Each structure stands twice: as structure tokens, then as C-alpha cells.
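Report on the following structure.
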Amino acid sequence: MSVIYQKFDCARLRLKSLDEREHDLDISVIKPLQNRSPRPKLADAADIALQGRKNNGSVIFMMGGHVIRSGVQNYLIDLMQRKIITCMVMNGACIIHDFELAMIGKTTESVEKYIKEGQFGLWQETGRINDIVAAGIKKSMGLGESVGRFIWESDFPYKQLSLLGMAWHCGVPVSVSVGIGSDIIHEHPNFDGAAFGAASHLDFLRFAAELENIGGGLLANFGSAVAAPEVFLKALAMVKNALKNEGRALKGFTTLVCDLVPLPENPQANPPSKSDYRYYFRPWKTMLVRTVSDGRSIYVQGPHVETIPEFWTAAVGGTP
């Protein structure tokens with residue numbers, strides 16, 4: 004006997020213009036380049052990154068949406084322009100904040116306010132991302148590539164502050180990993196799950212290709228507690244399996260995690276027990292312990308507005 008399951012009809016939705024939304028952040032949050040005395044651990048991480056680049060190794064920055072909202076774009080853009088960052092990995096929230104800031108210089112809404120009004124996430128202009136991705140995958144373009152190229156080639160007034168746009172301009176791949184249903188644009192009637200799945204999968208394969216060159220280099224995670232560790236783990240498994248089948252091995256590399264959770268001074272030597280709530284903080288067990296048995300891991304507790312400028316200062320020697 005066949006069963007007919009109900010499906011929500013997205014044609015019932017009413018989208019409003021961003022002109023009607025109250026924005027919690029605007030372009031003023033983006034800070035100019037300014038020296039910040041680096042903590043020794045971040046200075047070490049910067050040295051590893053620079054040495055890795057001298058040997059043509061990868062320096063990969065993974066991040067969550069709050070990095071965009073912290074206003075540290077200029078630091079990351081400068082690191083891309085100097086060819087220190089070779090790849091960025093984001094979640095879907097990153098591209099939404101980045102797109103909105105480039106387009107109108109504003110982003111972020113009050114979940115509490117707009118979920119009560121039944122309007123959370125349902126904004127016309129932000130939904131353009133769906134059409135961009137659907138058109139891009141038809142040309143075999145990944146999610147990060149499609150959005151980055153569109154921003155750079157647009158007349159958006161703040162596109163030079165866009166991580167995605169500047170990454171496209173600098174030739175730096177951006178891998179965007181999405182979970183369908185996790186981002187506001189997935190609510191929209193023009194959302195194409197097949198297009199997003201294909202584009203995000205293409206990005207994942209590009210990230211794995213970049214990860215194959217991580218030996219002697221640096222993989223950093225700023226503020227992604229779930230997506231980055233899990234995506235990294237699976238891509239690393241693919242790389243190690245392929246190299247082993249070819250009689251090769253991945254050289255040791257360093258992971259850097261910057262977040263707010265208090266961890267031991269040496270997290271690799273003191274892995275958490277299952278009775279410790281921090282066991283479920285995936286960057287610890289996945290990025291700082293399990294995947295770097297033949298490498299090194301570094302943890303720095305602090306907000307992005309401190310850690311990223313400190314890394315930048317150590318890596319480039321600060322502003323002239």
C-alpha cells in the first residue's frame with residue numbers, strides 16, 4: 004500500500020523586502036587593519052603557516068557565521084591577497100551575512116522578533132542567492148564560487164569588503180558546506196535543494212583536494228563547533244585513504260582552533276572524558292586530538308575580534 008505524505012506548499016509564503024527589516028549589524032562593524040600584539044600560540048601558528056606556504060603547503064581557514072559578524076573581513080582579505088590563506092571553508096550562514104553586507108551594507112535580524120511575526124528569514128533580496136547557485140551549478144560552479152563571482156561582478160557598493168567576492172578576485176577557493184534546512188534561504192520558494200546539494204558537494208571535493216596538500220601546513224577553525232570538524236574529518240579520511248592506496252602518506256600538519264570554550268593548556272595531551280561536557284565540543288576531540296596524532300594542535304581561547312587580528316599581525320608583521 005502506498006502512503007501519501009504531506010508537503011508544505013512554499014507558494015503560501017509571503018516574502019518582504021530587506022527595506023522593511025530591522026538590521027542588527029551594519030558595515031560599520033568591519034574594522035580597519037590595526038596591529039594587535041599576538042599571543043605566543045598565535046605567533047607560533049602564523050610561523051607554521053608562513054613556513055608551510057614557503058613549501059607550497061596549504062593554509063586553510065574554516066569558520067562559522069560569527070566570524071563575518073565580528074567585522075574582521077579586512078584581515079582575512081589581506082591574508083588572501085598576500086597568498087597566505089589558500090582556501091576558506093564556510094557554512095551557509097557565512098554566505099548570507101557576506102552577501103547582505105556586500106549588497107546593502109547591513110545584515111542580521113532579531114530571531115526573537117521575527118519568529119514571533121512569522122517573518123524570520125523571509126526576505127526577497129537575500130533569496131537571490133538561490134537563483135545564483137542554481138545558475139552556477141549548471142556551469143559546474145561550486146557554491147562558494149558562484150556567489151563569490153556574482154558579488155565581484157555585481158555593482159554592490161561594498162563588494163570589496165566581501166570575503167566571497169574578494170576570494171573569487173584573488174583566486175582563492177571557498178568551500179561552503181550546507182545542511183538543507185539550516186539556513187534562512189532554504190525557506191524560500193525558489194530554493195533548489197538539488198542545485199545546492201550538487202554545488203556544496205563540488206565544494207567539498209575541492210576542499211578535499213586542497214587538504215591533500217596540507218602536509219607541513221596549517222588548518223585553522225574559527226568558531227565552528229560542529230560543521231567544520233565534521234567536514235574536515237570526512238575530507239581527511241578520503242585523502243588518507245587515497246594516499247594509502249597509492250603507497251603514500253600525508254605528512255604531519257598543524258591544526259589551530261580559536262573559540263570561547265575553556266580547554267586545558269595542552270588539549271592534545273589531555274583529551275576529554277565522556278563525563279566532561281567538553282567531550283561534545285567537537286573541535287577538541289576531532290581537530291585537536293584524533294586527527295593530528297603525527298602533527299601538532301594549538302588551541303587559543305578568545306573572540307574572533309582578537310584572535311584573527313593577532314594572527315594577521317604575527318603573519319604579516321603588522322601595518323607599515
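Quick note: the sequence shown uses my numbering, first residue 4, plus one each step.
Just so you know, even glycine gets a beta-carbon here, dropped at the ideal spot from N, CA and C.
These numbers were taken from a predicted model, which means no experiment stands behind them.
Residue span of the beta strand (DSSP E) that contains residue i, given as start and end
i      : result
Phe235 : It is not in any beta strand (DSSP E) - Phe235 instead sits in the alpha helix (DSSP H) that spans 230-248.
Asn133 : That residue, Asn133, is in no beta strand (DSSP E); its alpha helix (DSSP H) goes 131-140.
Thr294 : Note, Thr294: premise wrong, no beta strand (DSSP E); not H, not E.
Phe64  : 62-66
Leu259 : 257-262
Met4   : Where Met4 is concerned, there is no enclosing beta strand (DSSP E), given that its DSSP letter is neither H nor E.
Cys90  : 90-94
Tyr302 : 299-304
Contact under 9 Å by Cβ, residue i with residue j
i      : j      : result
Gly298 : Cys261 : no
Ile80  : Leu164 : yes
Ala231 : Gly182 : no
Met66  : Val175 : no
Leu166 : Ile87  : no
Gly95  : Val179 : yes
Ala238 : Leu214 : yes
Ile26  : Thr111 : Sequence check: residue 26 is His here, not Ile. Yes, the Cβ-Cβ distance between His26 and Thr111 is below 9 Å.
Trp315 : Leu82  : yes
Phe284 : Ala228 : yes
Ala317 : Ala46  : yes
Asp206 : Glu249 : no
Residue closest to residue i, alpha-carbon to alpha-carbon, out of the options
i      : options                       : result
Phe64  : Val75, Met93, Ser143          : Met93
Ile311 : Gly121, Ala49, Asp195         : Ala49
Phe153 : Pro43, Phe199, Ile88, Trp171  : Trp171
Pro160 : Ile107, Glu148, Val234        : Ile107
Leu146 : Ile98, Glu25, Gln304, Lys44   : Ile98
Gly151 : Thr110, Leu104, Lys10, Lys243 : Leu104
Val177 : Val62, Glu249, Leu266         : Val62
Thr129 : Leu21, Val114, Ala211         : Leu21
Gly320 : Glu23, Lys119, Ser40          : Ser40
Ala138 : Lys116, Thr89, Phe199         : Phe199
Val114 : Tyr78, Asn77, Ile187          : Ile187
Val242 : Asn216, Glu233, Pro265        : Asn216
Ile30  : Ile51, Lys10, Gly250, Lys109  : Lys109
6 Å Cβ shell around residue i - same chain, five flanking residues per side excluded
i      : result
Gly219 : Gly55, Asn58, Gly60, Lys254
Leu18  : Leu125, Gln127
Ala202 : Val136, Ile140, Gly145, Leu146
Asp101 : Ile71, Ser165, Leu166, Leu167
Cys13  : Pro192
Tyr353 : The structure shown does not extend to residue 353, since the chain is modelled only from 4 to 323, so the question has no answer here.
Tyr117 : Phe123
Lys44  : Ile301, Val303
Ile2   : For the chain, the structure presents residues 4 to 323; residue 2 sits outside this window and is missing.
Residue interval of the alpha helix (DSSP H) (run including residue i)
i      : result
Ala223 : Element bounds for Ala223: not the alpha helix (DSSP H) but the beta strand (DSSP E), 221-225.
Val181 : Segment: none, Val181 is in no alpha helix (DSSP H) and carries neither H nor E.
Arg24  : Counting along the chain, Arg24 falls outside any alpha helix (DSSP H), and DSSP gives it neither H nor E.
Lys277 : Premise fails: Lys277 is in no alpha helix (DSSP H) and is neither H nor E.
Asp47  : 43-57
Tyr78  : 76-84
Leu214 : 196-214
Cys13  : Where Cys13 is concerned, there is no enclosing alpha helix (DSSP H), given that its DSSP letter is neither H nor E.
Pro35  : Careful: Pro35 lies outside any alpha helix (DSSP H) and carries neither H nor E.
Glu112 : Segment: none, Glu112 is in no alpha helix (DSSP H) and carries neither H nor E.
Phe314 : 307-319
Leu166 : 166-173
Trp155 : 146-156
Beta-carbon proximity list for residue i, same chain, < 8 Å, skipping 5 on both sides
i      : result
Leu16  : Leu125, Glu190, His191, Pro192
Thr258 : Leu221, Leu222, Ala223, Asn224, Met290, Leu291, Thr294, Val295, Gly298, Arg299, Ser300, Ile301
Ala244 : Per the sequence shown, residue 244 should be read as Asn rather than Ala. Around Asn244: no qualifying Cβ.
Val308 : Lys34, Ser73, Gly74, Val75
Contacts around residue i, its chain only, beta-carbon distance under 7 Å, and the 5 residues preceding and following it disregarded
i      : result
Tyr282 : Pro275, Ser276, Lys288
Arg42  : Val303, Glu313
Leu246 : Ala252, Leu253
Trp155 : Lys162, Gly168, Trp171, His172
Pro265 : Gln304
Pro286 : Asn224, Ala228, Pro232, Val260, Asp262
Arg24  : Glu112, Trp126
Gln11  : The question names Gln, yet the displayed sequence has Phe at residue 11. Result list for Phe11: empty, nothing under 7 Å.
Thr89  : Ser61, Val62, Ile63, Val175, Glu213
Gln84  : Cys173
Problem - contact_flag[the stretch 186-196, the stretch 128-139] where n(CB pairs < 8 Å) is 3 or more - result: yes
Exercise for the section: Report yes or no: do three or more beta-carbon pairs, one from the stretch 34-42 and one from the stretch 263-272, lie closer than 8 Å? Expected result: The answer is no - the stretch 263-272 does not touch the stretch 34-42, with fewer than three Cβ pairs under 8 Å.
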